[in-house]
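> In this note's numbering, the protein residues as written are 16 to 198.
This is how it looks when you write it as structure tokens:
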């Protein structure tokens with residue numbers, strides 16, 4: 016075995032057999048652009064997925080409708096919109112952490128997707144920090160996976176989403192408002 020294989024993943028992992036999966040998304044669209052392919056693959060394998068969209072933007076109803084469209088395209092039905100101020104999650108990190116912990120205690124996820132700590136948007140970073148704080152107090156065994164949206168993440172696991180890429184692409188097209196500003 017090449018020593019490089021210990022630090023660089025060359026083979027895809029098949030860790031997506033968790034029954035309950037929670038996705039923490041800072042904004043409507045991060046749940047799809049960040050980890051939508053992996054979520055689609057998990058759904059195809061029979062996982063139950065819930066998504067929490069943390070912040071509310073100026074065009075929140077349009078963005079929420081786009082998230083619901085994407086959820087339908089991927090095949091999950093449970094999306095919650097928590098309404099934290101867009102761009103100001105940092106000022107409410109403690110409340111967010113408590114809310115995430117309470118949500119986990121009810122849903123009991125086996126896997127949680129959170130944005131990477133290396134993201135460039137402060138809401139992404141603060142959602143990561145709040146999630147990690149919640150996880151410190153969570154008593155059940157849970158896997159954590161960080162996903163990237165704006166800044167490449169140093170990967171520890173690769174998931175081949177080729178078979179569900181068409182589904183992810185369909186879900187991405189739901190975000191018309193975002194595609195107008197950054198295709």
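Using N, Cα and C, we set each Cβ at its ideal position, and we do this for glycine too.
Here the structure is a predicted model, which means the values were calculated and not measured.
With a 10 Å radius around its C-beta and 16 neighbouring C-beta atoms as the bar for buried, classify residue 18 as buried or exposed.
exposed
> Contact between the stretch 181–190 and the stretch 82–89: three or more CB pairs below 8 angstroms?
yes
> Say whether the stretch 31–47 touches the stretch 110–125, bearing in mind that this needs 3 or more beta-carbon pairs closer than 8 angstroms, one atom from each stretch.
yes
> Along the chain, where does the alpha helix (DSSP H) containing residue 144 start, and where does it finish?
137–152
> Report buried or exposed for residue 37, applying the criterion of at least 16 other Cβ atoms within 10 angstroms of its Cβ.
buried
> Given a threshold of 16 other Cβ atoms within 10 Å of its Cβ, counted over all protein chains shown, does residue 111 qualify as buried or as exposed?
buried
> Under the DSSP definition of a beta bridge, which residues are partnered with residue 161?
Answer is 129, bridged to residue 161.
> Hey, residue 134 and residue 102: beta-carbon distance below 7 angstroms or not?
no
> Residue 18 lies in the alpha helix (DSSP H); which residues open and close that run?
Run containing residue 18: none; DSSP gives neither H nor E here.
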